[in-house]
Each structure stands twice: as C-alpha cells, then as structure tokens.
Amino acid sequence: MGPDALNCWGLARAVRHEVYGLPLLPEYGRHEKASPGAQRDYQLQADLMEQCAPDPGAIAAVFRGQLCIHVGVVIEAEGRLAVLETNQRTGCRWLRITDFERRYLRVIYYRDKPNAD
C-alpha cells in the first residue's frame, strides 16, 4: 500500500460518507493489526454505534477472539449486499455477505445510533 492509499478503516469511512451520505467518521491513523491503539480506537467507535444486521453503509468489524483485526463496509453490488474491503494482500475487493462471513468467522456489523432528538 502506498502512502496515499486507504487502509481498511479509511475505505470504510470514505464509502459511508461519499456513497451513502452518512456522517464522516473520525480518522484514527494507521495501526498495526490488533495493536493496543487499534483496540482502543475500535472500542471508542463501537461505543458510538449500535450492532445491526448487514445494511448498506454498516461497518463490518472482523474479530479474532476478542480483538478487532479488520473492517469493511457493507455495500450493494449486483443487486445484493456485499462487503467492500481492502488489505495489502488482496487489494480492494468486494465479497458477498455469505462469502465475507465464511472467510472471517466472527463479524459484527455496526451502524450509527439513531439521534435521540
């Protein structure tokens, strides 16, 4: 990944905001997968969102044990729900929800909490 490329969180932020018109989520900087900083930032963001079923614009958080190791964003592709992700090994790609969940055994989806107004 070059210095101007998006990491998995950056891609999820951009797609949610630019494609689905959702609020731009904070940028937390780059972290090593499963680092203490990455886990802290995951928890900060998860506390501001709610768990949900897959829906366009939802964050797909991937876990190994209790550690969040990767994220993607739910999109519509070819009339079906899919997860758009990027990583250094495969680059940017989308996988249907069932394929994403088969590849990553524990996935939790998050959406923005509704306004309490």
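Okay, so the sequence shown: first residue is -9 according to the working numbering, each after it adds one. Cβ atoms here follow ideal geometry from the backbone N, Cα and C, with glycine treated the same way.
{"query": "What are the complete beta strand (DSSP E) segments, minimum 3 residues, inside the region 28 to 99?", "result": "39 to 42, 49 to 54, 57 to 67, 70 to 77 and 81 to 86"}
{"query": "Excluding the 5 residues flanking Val61 on each side, which residues of the same chain have their C-beta closer than 6 Å to its C-beta?", "result": "Cys(-2), Trp(-1), Ala2, Ile49 and Ala51"}
{"query": "Contact defined as beta carbons within less than 8 Å: I believe Gly69 pairs with Arg6. What is the distance between those atoms, to the nearest angstrom?", "result": "That belief does not hold up - the Cβ atoms of Gly69 and Arg6 are roughly 20 Å apart, past 8 Å."}
{"query": "How far does the alpha helix (DSSP H) with Val9 in it reach, from first residue to last?", "result": "Run containing Val9: none; DSSP gives neither H nor E here."}
{"query": "Determine the burial state of Leu14: buried for a count of at least 16 other Cβ atoms within 10 Å of its Cβ, exposed for fewer.", "result": "exposed"}
{"query": "How close, in whole Å, do the beta carbons of Ile65 and Leu74 come, if the pair is a contact with beta carbons under 8 Å?", "result": "5 Å"}
{"query": "Tell me the DSSP bridge mates of Arg101?", "result": "Glu40"}
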